[in-house]
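J.: Could you have a look at this structure, given as structure tokens, before my questions?
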Amino acid sequence: MSDDFLSRLGLECGTDKATWHEYTPFYDKLLSGKLAEYTKILELGIYRGESLRMWQEYFDKAKVTGLDWDQSVVDAARQLDPHISAFQVDCGSAQALNAWLTRAPAFPEFDLIVDDASHKKAHQTTALRTLWPHLNVGGTYIVEDAEVEGFHLDPPDMGVPHCVFRAKSGGVSVCYFKGW
Ligand SMILES: C[S@@+](CC[C@H](N)C(=O)[O-])C[C@H]1O[C@@H](n2cnc3c(N)ncnc32)[C@H](O)[C@@H]1O
30 MSDDFLSRLG
40 LECGTDKATW
50 HEYTPFYDKL
60 LSGKLAEYTK
70 ILELGIYRGE
80 SLRMWQEYFD
90 KAKVTGLDWD
100 QSVVDAARQL
110 DPHISAFQVD
120 CGSAQALNAW
130 LTRAPAFPEF
140 DLIVDDASHK
150 KAHQTTALRT
160 LWPHLNVGGT
170 YIVEDAEVEG
180 FHLDPPDMGV
190 PHCVFRAKSG
200 GVSVCYFKGW
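Each residue of the sequence shown is one higher than the one before, starting from 30 at the first, in the working numbering.
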């Protein structure tokens, strides 16, 4: 197991980003220089909220938002920490994502967006294209488990650099860098 800061937090929180998949050593290399800069984090796919807690502890000044289509998961996540918000949204639907964005108080902007929801290529592509305008310059957009339906084999060209990381588990994460 890796001993970087994010992996230690991920193991404490119990997310499979640190256990089964071991994405966290790679994410730590990418993001450790952004700890002071990133203050708005969005993750699609909450489950037990383990990664929301991990991100909140990693970016300790950040506001962390989670989206999930399962209301019971959203209700549980709302109890986790005052800096963590959760909303029920179908992240595979541009209409549902746009409706949620429209309800937000001002133009919502994020520094880091992580898609760990359905892992379906059509959903991943829809979410990426819908949420991309809401990623700040200097931000990172991660599509996790991009191997499941081969998203990584034909990743949308967002006009910015991207990289593909294959974890020991065989899981693949595609990361887009907006203006950095
Ligand atoms: C892999 S789990 C998330 C794990 C969590 N991010 C972590 O690392 O601890 C996937 C979650 O995505 C949710 N999900 C699946 N399809 C979805 C969709 N279309 N829209 C929103 N949430 C979805 C599931 O309900 C489940 O809670």
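Beta carbons are placed, not taken as given, at the ideal position from N, Cα and C, and that holds for glycine.
Less than 8 Å separating the beta-carbons of V103 and F116?
T.: Along the sequence shown, read from residue 1 onward, the residue named residue 103 stands at position 74. Along the sequence shown, read from residue 1 onward, the residue named residue 116 stands at position 87. Yes. Within cutoff.
J.: Skipping 5 residues on each side, what residues in its chain have a beta carbon closer than 6 Å to that of A196?
T.: Translated into the one-based positions of the sequence shown, residue 196 becomes position 167. Only H50, E51, Y52 meet the Cβ criterion.
J.: Please go through the same chain and pick out, in chain order, the residues whose beta-carbon is closer than 6 Å to the beta-carbon of E86, but skip the five residues on each side of it.
T.: Reading the sequence shown from its first residue, position 57 is the one you call residue 86. These residues qualify, in order along the chain: L38.
J.: Taking 8 Å as the cut-off, does the region 171-181 touch the region 133-149 (at least 3 CB pairs, one atom from each stretch)?
T.: At 8 Å Cβ cutoff, the stretches touch.
J.: Leaving out the 5 sequence neighbours to the left and right, which residues in its chain are closer than 7 Å to G168 when beta-carbon positions are compared?
T.: Taking the first residue of the sequence shown as position 1, residue 168 is located at position 139. Excluding sequence neighbours, G168 sits near F139, D140, L141, K207.
J.: Roughly how many angstroms separate the alpha carbons of T159 and P134, rounded to a whole number?
T.: As a first step, residue 159 must be located in the sequence shown, where it is residue number 130. As a first step, residue 134 must be located in the sequence shown, where it is residue number 105. One C-alpha to the other measures close to 18 Å.
J.: So, for H181: in the same chain, excluding its five sequence neighbours on each side, which residues have a beta-carbon less than 6 Å away from its beta-carbon?
T.: What you label residue 181 is simply residue 152 of the sequence shown in a count that begins at 1. Result list for H181: A175, V193, V201, V203, in chain order.
J.: Alpha carbon to alpha carbon, what distance is there between L109 and L130?
T.: Along the sequence shown, one-based indexing puts residue 130 at 101. Along the sequence shown, one-based indexing puts residue 109 at 80. Cα to Cα, L130 sits roughly 23 Å from L109.
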